[in-house]
Structure formats: C-alpha cells, structure tokens
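Novice:
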Amino acid sequence: MQPKLDAEVREVLKWLPPNASLPIGPLNWLDEGKEGLVIVAVGNNKGMERGEKVASLHSGQKSIA
Numbered sequence: 006m007q008p009k010l011d012a013e014v015r016e017v018l019k020w021l022p023p024n025a026s027l028p029i030g031p032l033n034w035l036d037e038g039k040e041g042l043v044i045v046a047v048g049n050n051k052g053m054e055r056g057e058k059v060a061s062l063h064s065g066q067k068s069i070a
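Going by the numbering used here, the first residue of the sequence shown is number 6, and it counts up by one from there.
1. Using DSSP with H/G/I as helix, E/B as strand and the rest coil, what is residue 46?
2. Does DSSP put residue 40 in a helix, a strand or coil?
3. Residues bridged to residue 62 by DSSP?
4. How should residue 29 be labelled, buried or exposed, when 16 other C-beta atoms within 10 angstroms of its C-beta is the threshold for buried?
5. Do residue 33 and residue 59 have their beta-carbon atoms positioned less than 8 Å apart in this structure?
6. By the 10 Å Cβ neighbour count, where 16 or more other Cβ atoms means buried, how is residue 12 classified, buried or exposed?
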C-alpha cells in the first residue's frame, strides 16, 4: 500500500528523479547534516537490496508543523 501524503508535505519535499511520489515498501529518513533529511527506500525488490534516495527535505524549507 502506497503512503498518502498531504499536499503541503508533497510541496516541501524535493523529489529526486525518477520519483514523484513515495514508493511502496519500507522507507527510512536519513539525516545528512547540512544537506537536510533524505527519504530512502529500503528493503528488497525482486531479491535485490534497495537503497534508493526518493526525496529530500532541506532545513531552509518551510516547516509543515
């Protein structure tokens, strides 16, 4: 099941090609320091280990809280 994000959340995320939405499966947030937070698709896909960066959120972007 694919996660459903609010429009405001989608707007503040910078999607990393070829992604335009979150993929199905487990996701992790990684803190890359000054580069901000990155969403990474993890787990396995057809027996292959995943580690694909999907989107980023930089500290200078507006808050969604």
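Backbone N, C-alpha and C define an ideal beta-carbon position, used for all residues, glycine too.
Specialist: Quick look at the numbers:
1. strand
2. Correct three-state label for residue 40: helix.
3. 42
4. exposed
5. No, these two residues do not count as a Cβ contact at 8 Å.
6. exposed
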